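Here the structure comes first, spelled out in C-alpha cells, and everything after it is commentary.
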Amino acid sequence: FAPKPLAGRKVLVTAGPTYEAIDPVRGITNLSSGKMGFAIARAAREAGADATLVAGPVHLPTPRGVHRVNVQSARDMLAAVEQHVQDAAVFIATAAVADWRPAAPAAHKIKKDGSGQPRTLDCVENPDILAAVAQSPRALGGDLFCVGFAAESHDLLAQATAKRARKQVALLVGNIGPATFGQDDNALLLVDSRGHRELPRASKRVLARQLMAEIATRLPALRS
Ligand code: C5P
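The sequence shown maps to residues 184 to 407 in full-length UniProt numbering.
Have a look at this one:
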C-alpha cells in the first residue's frame with residue numbers, strides 16, 4: 184500500500200528550456216534537459232496528485248498518468264500556466280526560462296551580408312512566470328503553494344534566501360553545484376520561512392519524491 188499524500192490535489196510543473204525565435208530556423212535557448220521537472224511531475228503523480236507538466240522543447244517521454252502541454256517560448260509557457268493554474272494547489276517552476284527574446288523575430292531566414300561587421304540582436308525581457316503566479320490572488324491568499332528553483336554558482340544559501348523573498352514563494356529549491364544540466368543526479372537545498380535543509384546527492388527521481396513529500400507536509404489540510 185503506497186501512501187498518496189497528494190490525492191485530490193492538482194500539481195502544475197514547468198520544465199525544460201524555452202526557445203525564443205530569431206528567425207524561422209534559429210533561436211535562443213539553453214541546456215536545460217528537463218529531467219528534474221519531469222521527475223517532479225512523475226513524483227507528484229505517484230503521490231496521488233492530478234499532475235500537469237508544461238514542457239519546453241525537450242526529448243523526454245511523458246511520465247505515466249501525467250498531463251503534458253508542450254510549449255516553445257516563455258510567452259507560450261506563461262499562457263499555458265495561466266490556463267492550467269486556476270485549480271492547482273501547487274505550482275513548481277523548474278523551467279529554465281530564457282530571460283530575453285528577440286524584439287522582432289524575422290519572418291524569413293536572416294542572410295549574411297558579407298560585410299564582416301558585427302551584427303546586433305535587439306532583445307526584450309521575457310515575463311517572469313513564477314513571479315507572476317506567486318503574486319496572483321490565490322497564491323497570496325494561501326490557496327496555491329508556489330515553489331521556485333535556483334541554479335547559482337556561489338553563495339547558494341544567501342542567493343536562494345534572497346530569491347525566495349524576491350519571488351515571494353513559499354519554498355525555494357537550490358541546485359547544489361556543480362551545474363546539473365543533463366545529469367541524472369543532483370543535490371538540493373530547501374529554503375522556506377522556517378530555515379533551510381539539504382537533500383543530499385541522489386538520483387533526480389529519488390530527490391523528486393523527497394521534495395514532493397516535503398511539499399505535502401507544508402500544504403493546508405484539504406477541506407471536506
Ligand atoms: O530569476 P531566476 O531566473 O534565477 O529564477 C529562477 C526561478 O524562476 C525558477 O523557478 C524558474 O523556473 C523561474 N522563472 C520563471 N520565469 C522566468 C524566469 C525564471 O518562471 N522568466
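Cβ atoms here follow ideal geometry from the backbone N, Cα and C, with glycine treated the same way. As the structure is a computational prediction, the values presented were derived from the model and not from experiment.
Reduced DSSP secondary structure (H/G/I, E/B, other) of residue i
i    : result
R384 : strand
I359 : coil
T277 : coil
A204 : strand
D368 : strand
D270 : coil
L402 : coil
L214 : coil
L261 : helix
L243 : coil
A289 : coil
A396 : helix
A185 : coil
Bridge partners - residue i, DSSP secondary structure assignment
i    : result
I223 : Bridge partners of I223: none, in fact.
A238 : A198, N253
G378 : D375
L354 : V330
D233 : K193
Proximal residues to residue i (C-beta, below 6 angstroms), its chain only, five neighbours per side dropped
i    : result
R321 : L327
V194 : A227, A232, A234, V273
A204 : G210, P288
R225 : P246
R388 : A222
S256 : T201, E203
Own chain partners of residue i with C-beta closer than 7 angstroms, once the 5 adjacent residues on each side are dropped
i           : result
residue 413 : Residue numbering for the chain in the displayed model covers 184 to 407; residue 413 lies beyond these limits and cannot be assessed.
L405        : G191
T277        : V196, T197, A198, M219, G220, I223, F332
A385        : D368
E397        : L373
Span of the beta strand (DSSP E), counted from its first residue to its last, around residue i
i    : result
G210 : 209-211
R284 : 283-285
Proximal residues to residue i (C-beta, below 8 angstroms), its chain only, five neighbours per side dropped
i    : result
V241 : A198, G199, P200, S215, S216, G217, F221
S319 : V268, L327
Secondary structure, beta strand (DSSP E): runs of 3+ residues fully inside the region 291-347: 306-308, 328-334
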